[in-house]
Amino acid sequence: MSSKQRQVHICLSGHTANICDKLPSNLGRLSLIDSLISAFGLYSKCLLVNVVPASAKELCVFHDEKYVAELLKERHEENTSFSKEEAKYGLLFDCPPFAGLHEYVLHVTGSSLSAANVLLRNRDTDSQHVVINWYGGRHHAHKAGASGFCYVNDIVLAILRLRTLYRKIFYLDVDLHHGDGVEAAFRFLKFVTTCSVHRHDLGFFPGTGNSSGAGAYNIPTKRGLGDKNFKDIIARVVAPIIAKHTPDIIVVQCGSDGLASDPSGEWNLSIDGLASSISGLVDKFQSVPFLVLGGGGYNHTETARFSAWLTKTLIGDVTEWGDIPEHACLDAYENDGFQFWTPGNKAGKPARCDENKDIGAIRANTLEYLWN
């Protein structure tokens with residue numbers, strides 16, 4: 002594929018960040034991400050994308066109308082009990098209704114649609130356009146139900162928006178958890194190919210993604226996946242799949258819950274190991290535009306570090322980082338001596354064994370469907 006000059010765009014909205022901060026599973030996370038990216042001066046090196054909140058009609062392009070109506074009910078206090086309607090749509094347990102939920106789903110969806118619109122407007126330009134949206138990346142929500150901390154599937158809605166001009170779309174999910182909601186939405190749509198690299202085991206959420214099929218590639222992994230094997234999977238399994246499908250655009254969900262420092266304790270990736278694998282794909286497929294989204298990540302300062310580092314890498318910034326600059330959220334990094342790099346994020350944890358011994362078998366099992 003021919004080389005193109007890269008232009009990096011990034012979604013930025015303080016109001017959207019404040020609304021996303023209310024998500025019960027990730028309280029305050031988006032402000033940490035935004036403020037760290039700003040502290041390192043990265044926003045000034047990108048083209049900024051304004052977030053326009055979505056409408057109910059735009060949510061209904063994928064989601065069930067009655068489900069959308071339930072999501073958009075104004076709630077001004079936290080629920081301690083759940084109605085029958087809320088339970089029907091999965092709005093309980095890991096996806097409880099919360100004050101401001103109606104604004105949250107409109108802004109999360111709007112951020113990914115705003116990002117998609119940039120790629121639509123720049124479809125016929127001579128540059129490789131990469132659009133980053135850390136507000137989006139909710140991959141578990143289904144057509145008529147919330148799941149896994151995800152109330153709306155902004156990824157599906159963004160892909161459907163992109164499909165208005167881009168014929169073949171490739172979706173890659175590197176979150177710790179299987180991208181079940183996105184796969185289910187496009188399982189029978191010929192021109193959208195999904196590929197998910199994830200942790201899989203008995204009882205591990207969401208319990209799907211153990212096998213592949215035509216147009217839906219799954220790469221289930223065991224505990225302790227580290228940088229070397231992850232990079233091998235991306236280079237030897239994912240990249241050939243992308244090359245075979247020759248997509249017009251690539252969407253990547255970049256969950257950071259696979260980091261060694263994440264409280265899940267399942268994978269063992271370093272910040273640079275995860276970021277360089279993703280940026281390596283952007284480099285390899287230089288003639289293809291990319292939409293880069295957030296996702297899981299429950300050590301919030303580490304998720305902010307990863308998001309900032311991947312943004313830096315995609316921009317092509319080669320400056321060294323050490324001290325975290327003075328900014329509004331600096332106190333959150335006090336336990337790490339206000340340093341960007343720590344023993345926990347610069348490399349995987351030595352005591353955590355990588356149980357993924359046979360990448361060749363993973364490759365063979367996945368690529369079996371590529372040539373059929």
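Residue 373 is where the sequence shown ends in my numbering, and the numbering goes up by one at each step. Where is the CB? At the ideal position from N, CA and C, for every residue including glycine. Note that the structure is predicted; figures quoted are calculated from it, not measured.
Original post:
Taking Cβ to Cβ, would you say L311 is nearer than 9 Å to I363?
Top reply: No, they are not a contact pair.
Subject >> Beta-carbon spacing of E75, P97 below 9 Å >> reply: In this structure, E75 lies away from P97, with their beta-carbon atoms at least 9 Å apart.
Original post:
Going straight from the alpha carbon of M2 to that of A100, what length do you get?
Top reply: Its pLDDT being 46, under 50, M2 is placed unreliably in this model, and the coordinates cannot settle the point.
Subject >> For R7, the first and last residue of its enclosing beta strand (DSSP E) >> reply: 7–12
**OP:** Can you tell me the Cβ-Cβ gap for L315 and V193, rounded? I've got them flagged as a contact below 8 Å.
**Re:** The pair is not a contact, with the Cβ atoms about 23 Å apart (cut-off 8 Å).
Original post:
How long is the line joining the alpha carbons of Y167 and V293, rounded to whole angstroms?
Top reply: 16 Å
**OP:** May I ask you to verify whether the stretch 255–271 touches the stretch 339–359, counting CB pairs closer than 8 Å and requiring at least 3?
**Re:** yes
Original post:
Just curious, the beta strand (DSSP E) that Y218 is in, first and last residue?
Top reply: 217–222
Subject >> Buried or exposed by the 16-neighbour rule on C-beta atoms within 10 Å, applied to F94 >> reply: Here F94 is exposed: its Cβ has fewer than 16 other Cβ atoms, across all protein chains shown, within 10 Å.
Subject >> For R188 and A117, believed in contact at Cβ under 8 Å, the rounded distance >> reply: So it is not a contact: roughly 21 Å between Cβ atoms.
**OP:** Please say whether A276 and F307 have beta carbons closer to each other than 9 Å?
**Re:** Cβ atoms of F307 and A276: closer than 9 Å.
Original post:
Helix, strand or coil: how does DSSP classify F291 here?
Top reply: strand
**OP:** May I have the straight-line CA-CA distance separating Y68 from A145, to the nearest angstrom?
**Re:** Cα to Cα, Y68 sits roughly 5 Å from A145.
Original post:
Which residue's Cα is closest to the Cα of S32: W322, Y136, A70?
Top reply: Here the closest residue by C-alpha is Y136.
Subject >> Alpha-carbon to alpha-carbon, D355 and N336 >> reply: 28 Å
Original post:
Taking the beta strand (DSSP E) that F171 falls in, what are its first and last residues?
Top reply: 170–174
Original post:
Is it buried or exposed for S26, if we count other Cβ within 10 angstroms and need 16 for buried?
Top reply: exposed
Original post:
Contact check, A261 vs R353 under 8 Å by CB: the rounded distance?
Top reply: The C-beta distance from A261 to R353 rounds to 7 Å, short enough to meet the 8 Å contact threshold.
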